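Remarks on the structure that follows.
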Amino acid sequence: MRIRLLQGLALLATGLLAGAFGYGAANLVPTFNAVPLDMRLSFHAELMKMNGITMQAAMAVSTLSSLALAALTRGRARLIAGTAALLTFASFLITRLGNVPINGRIKEWARTSAPVDHAEILRRWELFNNLRTLTALAAFFLLIILALRQPPAGQKQPQTTPA
Numbered sequence: 167m168r169i170r171l172l173q174g175l176a177l178l179a180t181g182l183l184a185g186a187f188g189y190g191a192a193n194l195v196p197t198f199n200a201v202p203l204d205m206r207l208s209f210h211a212e213l214m215k216m217n218g219i220t221m222q223a224a225m226a227v228s229t230l231s232s233l234a235l236a237a238l239t240r241g242r243a244r245l246i247a248g249t250a251a252l253l254t255f256a257s258f259l260i261t262r263l264g265n266v267p268i269n270g271r272i273k274e275w276a277r278t279s280a281p282v283d284h285a286e287i288l289r290r291w292e293l294f295n296n297l298r299t300l301t302a303l304a305a306f307f308l309l310i311i312l313a314l315r316q317p318p319a320g321q322k323q324p325q326t327t328p329a
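In my numbering, the protein residues as written are 167 to 329.
Shown next, in the form of structure tokens:
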């Protein structure tokens, strides 16, 4: 039962993480690119204030719950959960080392003005965003696979009650 609850938490947190990053990549970034630069910079800077807490919490819960799941399981399940933990941790590292420093620059540009090479820097931010989105989606996919797996031989299949 404890493993099932942990698996549910890992799925929920990683699904929220992948969903948030996926929404950003599919909807926010194209919108950022469609509006005037000053509007993008202002909105981006405000959005990062809100995202700072929620996204870091989602990354932490995703990583820690997947890691705990790996510690409590054996064999292939451990490998899958451990890989999911590494992938969500990779999302965190990409964010902290790639996106966050650029977010700091964007905040400054929103108050002053963007440098001449701003387009290249924003493209780099989008590359980091795509990478962290892919790592979060891959982790979520692995946790779905883990949840759908049949239990190993000798383990009882959970009983369900008819509705």
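Think of the CB as a built atom: it goes at the ideal place given N, C-alpha and C, for glycine as much as any other residue.
Since the model is a prediction, treat every value here as computed from it, not as a measurement.
Simplified DSSP assignment, three categories, for residue i
| i | result |
| --- | --- |
| MET214 | helix |
| THR261 | helix |
| SER279 | coil |
| VAL201 | coil |
| ALA329 | Legend: pLDDT at ALA329 = 49, less than 50; position of this residue unreliable, value from coordinates given subsequently. Three-state result, ALA329: coil. |
| ARG315 | coil |
| PRO267 | helix |
| ARG240 | coil |
| MET225 | helix |
Residue i versus residue j: straight-line alpha-carbon distance, rounded
| i | j | result |
| --- | --- | --- |
| LEU207 | ARG289 | 14 Å |
| PHE123 | SER232 | No answer is possible for residue 123: the residues shown for the chain start at 167 and end at 329. |
| ALA223 | PRO281 | 32 Å |
| THR278 | LEU203 | 12 Å |
| GLN173 | ARG240 | 14 Å |
| ASN269 | TRP291 | 8 Å |
| THR197 | LEU178 | 27 Å |
| ALA304 | GLU274 | 33 Å |
Closest Cα partner of residue i within the set the options
| i | options | result |
| --- | --- | --- |
| GLY218 | ARG170, PHE258, SER279 | PHE258 |
| THR299 | ARG277, ALA192, LEU309, LYS215 | ALA192 |
| ARG242 | ILE311, ARG168, ARG170 | ILE311 |
| THR229 | LYS273, LEU253, GLU286 | LEU253 |
| LEU210 | ILE272, ARG315, ALA302, ALA304 | With the sequence shown as reference, residue 210 is identified as His, and Leu is not the correct amino acid for it. Per the Cα distances, ILE272. |
| LEU194 | THR180, LEU175, GLY181, MET214 | MET214 |
| ASN295 | ARG168, TYR189, PHE306 | TYR189 |
Assigned exposure category for residue i - 16 Cβ within 10 Å defines buried
| i | result |
| --- | --- |
| ASN265 | buried |
| ALA285 | exposed |
| GLY251 | Reading off the sequence shown, one finds Ala at residue 251, where the question assumed Gly. The residue is buried, with at least 16 neighbouring Cβ atoms inside 10 Å. |
| MET221 | buried |
Beta carbon proximity, residue i to chain D, threshold 8 Å
| i | result |
| --- | --- |
| ASN193 | Looking for chain D here will not work: only one protein chain is present. |
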